[in-house]
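Sequence positions in the sequence shown follow the numbering used here and run 4 to 597. Ideal Cβ placement from N, Cα and C applies to all residues, glycine included. Have a look at the structure below, then the notes.
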Amino acid sequence: MAGRIPQPFIDELLGRVDIVDIIDSRVPLKSAGRGEYKACCPFHEEKTPSFTVSTDKQFYHCFGCGEHGTAVGFLMNYAHLSFVEAIEELAAHAGVDIPYEQQTFSPKSSDSDNLLNLLEQANQFFKQQLRDGSALAKQAIEYLKNRGLSGETARDFEIGLAADSWDGLAKALGKDESTFKKLQKAGLVNERDNGGYYDRFRGRIIFPIHDFKGRVVAFGGRVLGEGEPKYLNSPETPVFHKGSELYNLHRARGEIKKSGFALVVEGYMDVIALAQFEINHAVATLGTATTRAHLDRLFRYTDEIVFCFDGDKAGERAAWRALENVLPVISAGRQVKFLFLPQGHDPDSLVQEKGKQDFEKMVAMAAPLSEFLLSNLEKQTDLSHLEGRARLLSLAKPYLNQLKQGPLKQLLLEQLARMAQTDISTTRSQLGRSESKPDQPARRSKATSSTPANLSLIAKAISLIVQYPGLNRVNNKQIQALRDLEINGMDLFVDLSNLLDSNPELNTAALIERYRSTNHHKVLEKLAAQHHLLTDEALISKEFEEILTTLNKQRLDQTRNQLMEKVKSGQMTEEQAANQLKTLHNQRFKSSDI
Ligand SMILES: [Zn+2]
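Rendered as structure tokens:
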């Protein structure tokens, strides 16, 4: 199991990867000169690019909506990766191995490592129970056989069994109170009201749920025989978020790349039944609607997603929710299709009845998103009269407005115009009316970068040192001399300078990432995005030195006031104070003196 990632490795990695490559492979960038790149912002809808990426700073910033960050931040925001996943992605991109610190069995190992360890032990325990020859195990195997599963498929999917007892797992894994607490945190046991713990999964066939790296993070359980609920999943835990995990993604991702599309079904039995028929690119959501995070995950492996829904009302509702989540993330080159199965069928029953070839033929005929969207809107109105056609346009408006500009939007506009029996420019203006202006940022609350003039001096100083870490080399001693000045932000400024003093190689991105887990992180990101309008290095150092000089004057004023107070309160004679002040003034504030 992986341990912690060492800080020096992260620093070096951020000095090695280029944020421009990382972003360009996901959001194509155009050069804007001077090491700057531009694109239409992936975080808000716009027609003219205000999303910029800087090679020097290794930082992105959108002047429209104010989103900004490092390559790590981009992967976290755009691809919904965790911090560790983002680092792993960057390391893979740079072709370097992460030197994880070995600590699997040390008490220092992280909380989530502990949970993953316990979940894997539970997985082994459940698998063993399915093979122990008990009456319940026989019943479970009979059930799986009846559903058409081979022993090989059961092995591939690591299917297991939770015996019908209150504390089988708790007894097997719970050594002491601290382990019980962890088992509870992992969603495996619940605490009894009168003390003690009992198993969450009892009398169920167990399907381990892996994250995309293949680590067991949760379980699903299907009741054997009668009983409620029929399907029971692990609760949300520190290592399991059902809104971002997809069942079987770790096994399917290679096949998804190879086949060119991902098949999204509703349940794990569907995935397993399809695999039994050698259809290996299916994943399932885990008792939740498809989320943006799911889609971002899948679009990392393919440009085409086919959603497969049961042909009933519930299936249609689920499909509509998926469509609503898909619209904002559809971009040029990405395709989403919807397949509705015949009434009364799910993928499991259908593939069993029709076989692989026929199933694949149906998948190939899945309706493109545009068709599904328009036919559904059409059902809600009557196109035979004028009012109905006008209503079509107003129904379509909120959906079209979520789409990015591109071929799909154009195609939908053309089709809508035909359906409404009007021309495209009328349609466009109908849809455009009273919508938020096209280039308005989606998130108004996020402040765009203010002009540096609005910043306090210390904020300007921090902003400059974060963007030009090299400034610390020349000015380190002056900065340290300011440490007594009692103003907000001075501690952070001095801290940054110390950090750079011992790690002079840190670039802007690495510097910001050092503060990720602190409450300074947001501020630093914001200050890194400040535009200084100074392009010349000499001007930048001059500006920085002027700020330091002004701050030093403030420090002298502060000291003078403190001395006056001491004289007033009789702690010091006037003469002593004057002498101290003289000494301070004589300490000229020039780098040449240091
Ligand atoms: Zn933006």
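Next item on the list: Below 8 Å on the Cβ atoms is my guess for Ile162 versus Phe210; work out the distance and round it to an integer in Å.
Entry: For the purposes of this step, residue 162 is taken as the residue at position 159 of the sequence shown. For the purposes of this step, residue 210 is taken as the residue at position 207 of the sequence shown. Confirmed, about 6 Å.
Check: Beta carbon of Ile26, beta carbon of Phe77: below 7 Å?
Finding: Mapped onto the sequence shown, residue 26 falls at position 23. Mapped onto the sequence shown, residue 77 falls at position 74. Cβ atoms of Ile26 and Phe77: closer than 7 Å.
Margin query: Under DSSP, the alpha helix (DSSP H) around Asp179 begins and ends at which residues?
Written below: One-based indexing of the sequence shown puts residue 179 at position 176. Premise fails: Asp179 is in no alpha helix (DSSP H) and is neither H nor E.
Next item on the list: Using only the heavy atoms of ligand 1, determine whether one of them is closer than 6 Å to the beta carbon of Phe62.
Entry: In the sequence shown, residue 62 corresponds to position 59, counting from 1. No, since every heavy atom of ligand 1 falls outside the 6 Å radius drawn around the Cβ of Phe62.
Next item on the list: Within the same chain, show all residues whose beta-carbon is closer than 7 Å to that of Gln583, passing over the 5 residues directly before and after it, in chain order.
Entry: Here residue 583 refers to the residue found at position 580 when the sequence shown is read from its first residue. For Gln583, where only same-chain residues beyond five positions count, the Cβ hits under 7 Å are Leu566.
Notebook entry, point to check: Smallest Cα separation from Val469: which of Glu508, Leu118 and Glu578?
Noted result: Indexing the sequence shown from 1 puts residue 469 at position 466. Measuring from the Cα of Val469, the nearest candidate turns out to be Glu508.
Check: Can we count His71 as close to ligand 1, meaning its CB is less than 6 Å from some heavy atom?
Finding: Taking the first residue of the sequence shown as position 1, residue 71 is located at position 68. The answer is no for His71.
Checklist line | Other residues of its chain near Asn117: CB distance less than 7 Å, five sequence neighbours each side excluded | finding: Counting from one through the sequence shown, the residue named residue 117 turns up at place 114. The answer, listed in chain order, is Lys185.
Next item on the list: Kindly confirm or deny that the region 377-384 and the region 345-354 touch, where touching means at least three C-beta pairs closer than 8 Å.
Entry: no
Next item on the list: Return the CA-CA distance between Leu32 and Ile22, expressed in angstroms with no decimal places.
Entry: Position 29 of the sequence shown, counted from the first residue, corresponds to residue 32. Position 19 of the sequence shown, counted from the first residue, corresponds to residue 22. Straight-line Cα distance between these residues: approximately 11 Å.
Check: Quick one: what does DSSP say Tyr471 is sitting in, helix, strand or coil?
Finding: If you number the sequence shown from 1, residue 471 lands on position 468. It is coil, neither helix nor strand.
Next item on the list: Classify Phe375 as helix, strand or coil using the three-state DSSP reduction.
Entry: In the sequence shown, residue 375 corresponds to position 372, counting from 1. Helix at Phe375.
Check: Less than 6 Å between the CB of Gly67 and some heavy atom of ligand 1, yes or no?
Finding: Within the sequence shown, the letter at position 64 stands for residue 67. Correct: Gly67 has its Cβ closer than 6 Å to ligand 1.
Margin query: Would the region 354-372 count as touching the region 389-400 if we require 3 or more Cβ pairs under 8 Å?
Written below: no
Note to self: Between Phe46 and ligand 1, is there a pair consisting of the residue's CB and a ligand heavy atom that are separated by less than 6 Å?
What the structure shows: For this step, residue 46 is matched to residue 43 along the sequence shown. Under cutoff, so the answer is yes.
Check: Who are the near neighbours of Glu70 in its chain, counting only those whose CB is closer than 6 Å to its CB and skipping five residues on each side?
Finding: In the sequence shown, counting from the first residue as 1, residue 70 sits at position 67. Here the set comprises Phe46.
Check: Counting only runs that start and end within the region 300-333, where is the beta strand (DSSP E) found for 3 or more residues in a row?
Finding: Whole beta strand (DSSP E) segments, 3+ residues: 307-312.
Check: Which ranges does the beta strand (DSSP E) cover as unbroken runs of at least 3 residues, wholly within the region 150-238, from first to last along the chain?
Finding: Whole beta strand (DSSP E) segments, 3+ residues: 163-165, 192-194, 200-202, 207-213, 219-226 and 234-236.
Next item on the list: Determine the extent of the alpha helix (DSSP H) in which Leu252 is found, giving its start and end residues.
Entry: Translated into the one-based positions of the sequence shown, residue 252 becomes position 249. First-last of the alpha helix (DSSP H) with Leu252: Leu252 to Ser262.
Checklist line | Alpha-carbon spacing of Glu229 relative to Asp426, whole angstroms | finding: Locating residue 229 in the sequence shown gives position 226, where the first residue counts as 1. Locating residue 426 in the sequence shown gives position 423, where the first residue counts as 1. About 59 Å.
Notebook entry, point to check: Whole-angstrom Cβ separation of Arg207 and Ala165, contact assumed at under 8 Å?
Noted result: Locating residue 207 in the sequence shown gives position 204, where the first residue counts as 1. Locating residue 165 in the sequence shown gives position 162, where the first residue counts as 1. Right, the Cβ-Cβ distance comes to about 5 Å (below 8 Å), so this counts as a contact.
Notebook entry, point to check: If you draw a straight line from the alpha carbon of Tyr103 to that of Leu16, how long is it in whole angstroms?
Noted result: Sequence index remark: in the sequence shown, residue 103 carries index 100 (1-based). Sequence index remark: in the sequence shown, residue 16 carries index 13 (1-based). Cα atoms of Tyr103 and Leu16: separation of roughly 14 Å, rounded to the nearest angstrom.
Check: Which residues in the same chain as Asp306 place their Cβ atom closer than 6 Å to its Cβ, once the five residues preceding and following it in sequence are excluded?
Finding: As a first step, residue 306 must be located in the sequence shown, where it is residue number 303. Excluding positions up to five away in sequence, the list reads Gly336 and Arg337.
Check: For Cys68, which beta-bridge partners are listed by DSSP?
Finding: The residue labelled residue 68 in the question sits at position 65 within the sequence shown. Looking at the DSSP assignment, Cys68 forms no beta bridge with any residue, so it has no partner.
Next item on the list: Would you be able to state if there are at least three C-beta pairs under 8 Å between the region 247-264 and the region 210-221?
Entry: yes
Margin query: Please report the straight-line C-alpha distance between Leu342 and Phe312, rounded to a whole angstrom.
Written below: Looking up residue 342 in the sequence shown gives position 339. Looking up residue 312 in the sequence shown gives position 309. Going from the Cα of Leu342 to the Cα of Phe312 covers about 6 Å.
Next item on the list: Could you check which residue in Gln557, Glu516 and Ala325 has the C-alpha nearest to that of Met79?
Entry: Here residue 79 is taken as the residue at index 76 of the sequence shown, counted from 1. If we check each option's Cα against that of Met79, Glu516 comes out closest.
Next item on the list: Below 8 Å on the Cβ atoms is my guess for Thr511 versus Ala531; work out the distance and round it to an integer in Å.
Entry: Position 508 of the sequence shown, counted from the start, is the residue given in the question as residue 511. Position 528 of the sequence shown, counted from the start, is the residue given in the question as residue 531. About 6 Å; that satisfies the 8 Å criterion.
Next item on the list: Count the other C-beta atoms from every protein chain shown that fall within 10 angstroms of the C-beta of Lys111, then say buried if there are 16 or more, exposed otherwise.
Entry: Along the sequence shown, read from residue 1 onward, the residue named residue 111 stands at position 108. Its pLDDT being 40, under 50, Lys111 is placed unreliably in this model, and the value from its coordinates should be taken loosely. Exposed, by the Cβ-count rule.
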